[in-house]
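In order, the protein sequences belong to chains A and B. Numbering (my numbering) for the first sequence: 35 to 291. Numbering (my numbering) for the second sequence: 26 to 39. In this text, a Cβ means the ideal position worked out from N, Cα and C, and glycines have one as well.
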Amino acid sequence: MLELRLVQGSLLKKVLDAMRELVNDANFDCSATGFSLQAMDSSHVALVALLLRSEGFEHYRCDRNLSMGMNLNNMSKMLRCAGNDDIITIKADDGTDSVTFMFESPNQDKIADFEMKLMDIDSEHLGIPDAEYQAIVRMPSSEFARICKDLSSIGDTVVISVTKEGVKFSTAGDIGTANIVCRQNKTVDKPEEATIIEMQEPVSLTFALRYLNSFTKATPLSDTVTISLSSELPVVVEYKIAEMGYIRYYLAPKIEE
Amino acid sequence: DAKQGNILSFFKKI
Chain A
35 MLELRLVQGS LLKKVLDAMR ELVNDANFDC SATGFSLQAM DSSHVALVAL
85 LLRSEGFEHY RCDRNLSMGM NLNNMSKMLR CAGNDDIITI KADDGTDSVT
135 FMFESPNQDK IADFEMKLMD IDSEHLGIPD AEYQAIVRMP SSEFARICKD
185 LSSIGDTVVI SVTKEGVKFS TAGDIGTANI VCRQNKTVDK PEEATIIEMQ
235 EPVSLTFALR YLNSFTKATP LSDTVTISLS SELPVVVEYK IAEMGYIRYY
285 LAPKIEE
Chain B
26 DAKQGNILSF FKKI
């Protein structure tokens with residue numbers, strides 16, 4: 035028996051919007067720790083890892099570990115029927131092939147339940163080793179989204195370089211080139227507007243902008259984004275989900291032949 | 026031209 039009650043139901047809608055461009059079908063894993071997911075895009079270039087910790091739910095009952103295969107577009111279709119202020123409860127019985135999403139309006143005058151068929155998904159779980167990153171950049175998530183969007187109108191790939199001067203995003207295309215440098219800036223009114231660069235050593239890596247633009251669909255989940263870079267490793271783009279967990283995207287770099 | 030890397034060459038299946 036599984037029953038997860040999330041008062042801030044809109045958060046689940048945002049989580050789905052943050053993943054469904056990248057991944058079609060995925061297994062949601064439910065355990066005492068929380069509600070989690072790990073999935074790669076179809077070309078195995080990017081990986082998304084989601085964790086919503088059990089403590090973040092108003093009610094969390096998961097009698098035994100359960101893996102539920104869902105089509106993210108279908109799940110999103112159902113969640114879009116929930117009001118933004120609705121409380122969402124996810125329910126599943128042991129051994130059934132469906133999951134129920136229950137939506138309750140804040141004053142309890144409307145209660146809806148949507149039952150969705152589950153799928154058998156053959157997914158591979160990957161071990162992500164802890165790594166020391168050469169550079170970690172924290173910046174406003176809206177600024178990162180703007181940079182990725184702007185650069186993708188010029189080129190297909192971005193070189194992200196971190197030096198003691200700051201973090202530089204560069205691209206080149208048929209019509210020309212573009213460079214955007216963000217310097218460390220801690221002297222802001224609000225901490226979420228700061229750009230903070232922790233650099234052990236300079237690093238420069240090339241990535242496909244198409245994937246980074248997909249990652250920025252998570253912008254509504256967090257005011258800030260953390261970008262962790264090391265040569266020879268996928269970049270980690272992390273959006274913290276307040277009081278609940280995170281959504282992390284890993285993107286394999288482009289490698290010079 | 027740079028070649029696109031693959032996640033499976035960095036992270037192993039468990």
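Name the two residues that bound the continuous alpha helix (DSSP H) containing residue i.
i, result
"A/Val49", "44-53"
"A/Tyr245", "243-249"
"A/Glu37", "Looking at the DSSP string, A/Glu37 is not in any alpha helix (DSSP H); the run it does join, the beta strand (DSSP E), is 36-40."
"A/Phe91", "Premise fails: A/Phe91 is in no alpha helix (DSSP H) and is neither H nor E."
Chain B partners of residue i, CB-CB under 8 Å?
i, result
"A/Gly161", "Phe36, Lys37, Lys38, Ile39"
"A/Leu81", "Ile32, Phe36"
"A/Thr293", "Since the first residue shown for chain A is 35 and the last is 291, residue 293 of chain A is missing from the structure and cannot be characterised."
"A/Ala286", "Gln29, Gly30, Asn31, Ile32, Ser34, Phe35"
"A/Glu149", "Chain B residues near A/Glu149: none, gap ~32 Å exceeds 8 Å."
Anything in chain B within Cβ reach of residue i, meaning under 7 Å, just list it in chain order.
i, result
"A/Thr134", "Under the 7 Å cutoff, chain B gives no residues; its nearest Cβ is about 31 Å from A/Thr134."
"A/Ala212", "Ordered by position in chain B, no residue passes the 7 Å Cβ test against A/Ala212, which lies about 18 Å from the chain."
"A/Glu158", "Lys38"
"A/Glu166", "Chain B residues near A/Glu166: none, gap ~15 Å exceeds 7 Å."
My understanding is that residue i touches residue j, with C-beta atoms under 8 Å, so please give their C-beta distance in whole angstroms.
i, j, result
"A/Asp120", "A/Glu138", "6 Å"
"A/Glu92", "A/Leu40", "7 Å"
"A/Cys64", "A/Cys96", "5 Å"
"A/Ser248", "A/Lys274", "Not a contact, Cβ separation roughly 18 Å."
"A/Gln168", "A/Gln218", "Actually they are not in contact, since the Cβ atoms of A/Gln168 and A/Gln218 sit about 16 Å apart, beyond 8 Å."
Applying a beta-carbon distance threshold of less than 9 Å, which residues of chain B neighbour residue i?
i, result
"A/Lys220", "Within 9 Å Cβ-Cβ: nothing; A/Lys220 doesn't reach chain B, min ~32 Å."
"A/Glu55", "Going along chain B, no residue has its Cβ under 9 Å from A/Glu55, so there is no contact; the nearest lies around 17 Å."
"A/Ile289", "Ala27, Lys28, Gln29, Gly30"
Return the first residue and the last residue of the beta strand (DSSP E) that residue i is part of.
i, result
"A/Leu263", "258-263"
"A/Glu146", "Looking at the sequence shown, residue 146 of chain A is not Glu but Ala. Looking at the DSSP string, the run of the beta strand (DSSP E) that includes A/Ala146 is 145-151."
"A/Ile121", "121-126"
State whether the stretch 229-244 of chain A contacts the stretch 43-52 of chain A, with contact taken as three or more CB pairs (one from each stretch) at a distance under 8 Å. No, because fewer than three Cβ pairs between the stretch 229-244 of chain A and the stretch 43-52 of chain A fall closer than 8 Å, the two stretches do not touch.
For the structure I just gave you, are there three or more beta carbon pairs, one from the stretch 195-210 of chain A and one from the stretch 143-156 of chain A, closer than 8 Å? no
Sufficient close CB pairs (3 or more, under 8 Å) joining the stretch 186-200 of chain A to the stretch 220-227 of chain A: no
At a cut of 8 Å, does the stretch 275-282 of chain A reach the stretch 165-173 of chain A through at least three beta carbon pairs? With a cut-off of 8 Å on Cβ pairs, the stretch 275-282 of chain A is not in contact with the stretch 165-173 of chain A, counting fewer than three such pairs.
Mind checking the stretch 60-93 of chain A against chain B and listing, in chain order, the residues whose C-beta falls within less than 9 Å of any C-beta there? Taken in chain order, the members of the stretch 60-93 of chain A whose beta-carbon sits within less than 9 Å of a beta-carbon on chain B are Met74, Asp75, Ser77, His78, Val79, Ala80, Leu81.
Validate contact between the stretch 97-110 of chain A and the stretch 75-87 of chain A using beta carbons, cut 8 Å, 3 pairs: Taking 8 Å as the limit for Cβ pairs, the verdict is that the stretch 75-87 of chain A does not touch the stretch 97-110 of chain A.
For the stretch 264-287 of chain A, which residues have a CB atom closer than 9 Å to at least one CB atom of chain B, in sequence order? Cβ contacts with chain B: Glu266, Leu267, Pro268, Tyr284, Leu285, Ala286, Pro287.
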